[in-house]
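Asker:
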Amino acid sequence: MAAQTVASASTDSAFGPASALSCRECGERFPLEPLFACEACFGPLEVAYDLPSGDPETLRKRIESGPNNIWRYAPLLPVPADVASKPNLNPGFTKLVKADNLARELGVTGGLHIKDDSGNPTHSFKDRVVAIALEAARTFGLTTLSCSSTGNLAGAVGAAAARAGFRSCVFIPHDLEEGKVVMAAVYGGELVGIEGTYDDVNRFCSELIGDPIGEGWGFVNVNLRPYYGEGSKTLAYEICEQLGWRLPDNIVIPIASGSQLTKIDKGLRELIALGLVEEKPYRIYGAQAEGCSPVSTAFKAGHDVVRPQKPNTIAKSLAIGNPADGPYVLDIARRTGGAVEDVNDEQVVDAIKLLARTEGIFAETAGGVTVGVLRKLIETGQLDPAGETVVLNTGDGLKTLDAVAPTSRPTATIRPSLDAFRAAGLAG
Amino acid sequence: MSATVRIPTILRTYTGGRAEVPAEGGTLADVIDSLEQNHPGISARVLDDTGKLRRFVNVYVNDDDVRFSEGLQTTVGEGASVSIIPAVAGGC
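As you go down the protein sequences, you meet chains A and B in turn. Residues 1 to 428 (UniProt numbering) make up the first sequence, in order. Residues 1 to 92 (UniProt numbering) make up the second sequence, in order.
This is the structure we're talking about:
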C-alpha cells in the first residue's frame, strides 16, 4: 500500500467534507479507505477535511436547524449529507447540566457543567463514535461490525449493528462488570470473552484484522478507527453550542486510549477556525484511575512517551494500560496549560456518590474518575475554580453497580408501621 | 534460534504478501536483522533513525509485550512467535 492519489472531497461525497487520511506523525496522506496505521512510520491516521468556508452565521444557523443528534454537525464529519436518513442509533445532543450544587461543594465559582453522555441510546458516549464508524463500514461494503471493548463499546456496536442490519461479533475481557456483559449480549450479536486484559483483547483483534478471517470485518476501533474517533468531536461541538457558542475555560476528560481527549481538542480548534466560537485560551485536563495511570504518570514525570502499565482498577472502562493516543494527550495538556491527574478507587467511589448526591446524576466509574480528578485538581491548585468548567460523564452508573453497591444500601428495613419508622430514627 | 514472525498487513509488501515468515536470532534485535536480510527495507519501518522501536509499534515475543521486558534485547527462544502490531488500535 503506497501513498496513493488522494480522493478529493468533491469526488467522494460518501465522506462529506473529508478529503483524505493523514498520518499524525509524518503527515503522509492516504485515500479514504479502511486503514488505520501509516505505512511509512506506523503513526495513527486521522481524517483530514476541506471544511466549509463562508459566513459562520450561516453555518451556525444550518447546524441549529438540524436534528437533535450528532447529525446536526454532518457538515463537519466524515459522513454523507443524507446520513440522517440511514438506519443508525442517532446518538448525541445529550444534556449539558448546570451543576450548581456540585460547584458549591467543590468551590467552583466560575460555573460548572456536567456533559452527561449517559443519555445516549446505549448509555455511553460510545454511540457517537460507533455511529460514524457504522457509516464508514456501510460505504466500504463491510458486513460484520466488530471491536475490542472494555464493555461500553461492545454494547454500542451490538446495538448499532442490530439497527443497521449488520452482523456483529465483539470481543471483551472475560471479567467485565455484569451490567456491561449483559448490555453487550442482549442485542443478539456474537460476544466473545477473551482470557486476558483489554490490551490482550486489542492485540488479538489487531491480529484478526490481518488474517483472512477478518476480511469484510469493520473493527470500529481498528481498521475504522480514523472515522470512529471523529465521533468524539461532536462532544466539543455540543458543549460549545450548549454554552451559547462559547468555549469553556476548562474541560476535564477521562483517558482510556486518549482518543476522546484528542478529538475534543480537534473539535474545539475546528470551531475556532470556522469562526463558530470566539478564540480564547482553554485548558484541557485528562483524568485517569491510579490503578491504570500510564498517561498521568508520564505527565507528572515530564516524559513525552508513555510507558505501558498492567491495569488494576475498578474503572474498567478506562483500563487501557497501553494507550494508543497517550503521547498526543501529553502534548495537548501541555499546549493548553492543563494537566493529567489520577485518583484512587476509593476516591472514584466517593466522587460517584458526590455527583449523585449533589446533582442527581448516577455516573459510571469513568464519571467518578473525572469528578474525582476535578476535585483533586482544585485542591492542588492545578485548575482555577474561577474559570467556567465542563466535566464529562461518559457512561451510566447502572453499568457499574458493583462499584457503589457495597456502600449504597437501604437506610433501614422496617415493618410497615409508623412506630417502626420512628424507632428507626427516621421521623425527623 | 529460529522464530516465526507475524507480519502486519502494512508490512506485507516486504514479505511478498506473507503474513508469517521465519527469522533467526537469539534476541529481538537479531531477529529484526534477520528479517532485514531476507526482506530488505522492513527494518526501517519497525525501527526509527536511532535504531529504537518506533513509538507506534508494539512487538510481542510469544505473549509478552517487549516493552515490559528488555525491548530489543528481549530473548527470543527456539520456536518463539514474534508479533509486530501497529499500536494505534483500540480504545475510546
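Virtual Cβ for every residue (Gly too), placed ideally from N, Cα, C. As the structure is a computational prediction, the values presented were derived from the model and not from experiment.
1) Within 10 angstroms of its Cβ, does V182/A collect 16 or more other Cβ (buried), or is it exposed?
2) Got a sec: which bits of the segment 323-357 of chain A sit with their beta carbon under 9 Å from any beta carbon on chain B, in order along the chain?
3) E364/A versus chain B: which residues are under 9 Å apart at the beta carbon?
4) In terms of DSSP beta bridges, what is I272/A paired with?
5) Indicate the three-state DSSP secondary structure (helix, strand or coil) for A289/A in the structure shown.
6) Kindly provide the ranges of any beta strand (DSSP E) runs that are 3 or more residues long and lie completely inside the segment 195-267 of chain A, ordered along the chain.
7) Using the beta-carbon of each residue, which ones in chain B are nearer than 9 Å to E39/A?
8) Could you work out which residues of chain B lie near P308/A, taking near to mean beta carbons separated by less than 8 Å?
9) The alpha helix (DSSP H) that contains K300/A, what's its start and end?
10) If we cut at 8 Å on Cβ distances, does V82/B have a partner in chain A?
11) Measuring alpha carbon to alpha carbon, tell me which residue in P281/A, T380/A, P308/A, S232/A is nearest D117/A.
12) Using 8 Å as the threshold, is the segment 387-398 of chain A in touch with the segment 251-258 of chain A, meaning 3 or more CB pairs across them?
13) Where do the N-terminal and C-terminal ends of the alpha helix (DSSP H) with I84/B fall, by residue?
14) What separation, rounded to the nearest whole angstrom, lies between the Cα atoms of R128/A and L59/A?
15) Whole-angstrom Cβ separation of G92/A and F140/A, contact assumed at under 8 Å?
16) So, helix, strand or coil for E178/A, using DSSP?
17) Is there contact here, the segment 41-58 of chain A with the segment 80-90 of chain A, by at least three beta-carbon pairs under 8 Å?
18) How would you label E388/A, buried or exposed, when you count the other beta carbons within 10 angstroms and need 16 or more for buried?
19) Classify F421/A as helix, strand or coil using the three-state DSSP reduction.
20) Determine the burial state of K180/A: buried for a count of at least 16 other Cβ atoms within 10 Å of its Cβ, exposed for fewer.
21) Measure from the alpha carbon of T400/A to the alpha carbon of each residue in A363/A, R138/A, V220/A, then state which is nearest.
22) Taking the C-alpha atoms as reference points, what is the distance between R422/A and P281/A?
23) Do you know offhand how far P311/A's Cα is from Y227/A's?
24) Buried or exposed for G214/A, please, with buried defined as at least 16 other CB atoms from any protein chain shown within 10 angstroms of its CB.
25) My output table needs one value for Y60/B: the three-state DSSP class, helix, strand or coil.
26) Rank A89/B, R6/B, K52/B, P86/B by C-alpha distance to the C-alpha of A23/B and give the top, closest one.
27) In terms of DSSP beta bridges, what is C169/A paired with?
28) Return the bridge partner residues of E20/B from the DSSP annotation.
29) Determine the DSSP secondary structure at S118/A, reduced to helix, strand or coil.
30) Can G368/A and V340/A be called in contact, C-beta distance under 8 Å?
31) What do you reckon, are the CB atoms on V306/A and G326/A nearer than 8 Å?
32) Chain B partners of P44/A, CB-CB under 7 Å?
33) Is the Cβ of E207/A closer than 8 Å to any Cβ of chain B?
Answerer: In brief:
1) One-based indexing of the first sequence puts residue 182/A at position 182. Exposed is the call here.
2) P323, A324, D325, P327
3) As a first step, residue 364/A must be located in the first sequence, where it is residue number 364. Under the 9 Å cutoff, chain B gives no residues; its nearest Cβ is about 13 Å from E364/A.
4) Locating residue 272/A in the first sequence gives position 272, counting from the first residue. Looking at the DSSP assignment, I272/A forms no beta bridge with any residue, so it has no partner.
5) Taking the first sequence and counting its residues from 1, one reaches residue 289/A at position 289. It is a strand residue.
6) 217-219, 250-254
7) Position 39 of the first sequence holds residue 39/A. Here the neighbours are I10, L11, T13, R45.
8) Indexing the first sequence from 1 puts residue 308/A at position 308. In chain order: D65, R67, F68.
9) The residue given as residue 300/A occupies position 300 in the first sequence. Where K300/A is concerned, the enclosing alpha helix (DSSP H) stretches over 294-301.
10) Locating residue 82/B in the second sequence gives position 82, counting from the first residue. So, not an interface residue.
11) Counting from 1 along the first sequence, the entry for residue 117/A is found at position 117. Checking every option, the nearest Cα to that of D117/A belongs to S232/A.
12) yes
13) Taking the first residue of the second sequence as 1, we reach residue 84/B at position 84. Careful: I84/B lies outside any alpha helix (DSSP H), inside the beta strand (DSSP E) at 81-86.
14) Locating residue 128/A in the first sequence gives position 128, counting from the first residue. Locating residue 59/A in the first sequence gives position 59, counting from the first residue. When rounded, the distance between both Cα atoms is 21 Å.
15) For the purposes of this step, residue 92/A is taken as the residue at position 92 of the first sequence. For the purposes of this step, residue 140/A is taken as the residue at position 140 of the first sequence. At roughly 23 Å, the Cβ-Cβ gap does not stay under 8 Å, so G92/A and F140/A are not in contact.
16) Counted from its first residue, the first sequence places residue 178/A at position 178. In the structure shown, E178/A sits in a helix (DSSP, three-state: H, G or I).
17) no
18) Numbered from its first residue, the first sequence carries residue 388/A at position 388. Buried.
19) Indexing the first sequence from 1 puts residue 421/A at position 421. Of the three classes helix, strand and coil, the one that applies to F421/A here is helix, per DSSP.
20) Reading the first sequence from its first residue, position 180 is the one you call residue 180/A. Burial call: buried.
21) Along the first sequence, one-based indexing puts residue 400/A at 400. With distances taken between Cα atoms, T400/A lies closest to A363/A.
22) Looking up residue 422/A in the first sequence gives position 422. Looking up residue 281/A in the first sequence gives position 281. Between R422/A and P281/A, the C-alpha separation is close to 56 Å.
23) Mapped onto the first sequence, residue 311/A falls at position 311. Mapped onto the first sequence, residue 227/A falls at position 227. If you take the alpha carbons of P311/A and Y227/A, they lie about 27 Å apart.
24) Numbered from its first residue, the first sequence carries residue 214/A at position 214. G214/A should be labelled buried.
25) Mapped onto the second sequence, residue 60/B falls at position 60. Here Y60/B sits in strand by DSSP.
26) Position 23 of the second sequence holds residue 23/B. Out of A89/B, R6/B, K52/B, P86/B, R6/B has the C-alpha closest to the C-alpha of A23/B.
27) For the purposes of this step, residue 169/A is taken as residue 169 along the first sequence, with counting starting at 1. Paired residue(s): S146/A, E190/A.
28) As a working mapping, residue 20/B is identified with position 20 in the second sequence. E20/B pairs with R6/B.
29) Within the first sequence, residue 118/A is the residue found at index 118, counting from 1. Note: S118/A maps to helix in three-state DSSP.
30) In the first sequence, counting from the first residue as 1, residue 368/A sits at position 368. In the first sequence, counting from the first residue as 1, residue 340/A sits at position 340. Result no, Cβ atoms of G368/A and V340/A do not sit closer than 8 Å.
31) Here residue 306/A is taken as the residue at index 306 of the first sequence, counted from 1. Here residue 326/A is taken as the residue at index 326 of the first sequence, counted from 1. Yes; because the gap between Cβ atoms is below 8 Å, this pair is in contact.
32) The residue you call residue 44/A lines up with position 44 of the first sequence. Neighbours of P44/A on chain B, chain order: F56, V88.
33) Here the question's residue 207/A lines up with position 207 in the first sequence. Closer than 8 Å: yes.
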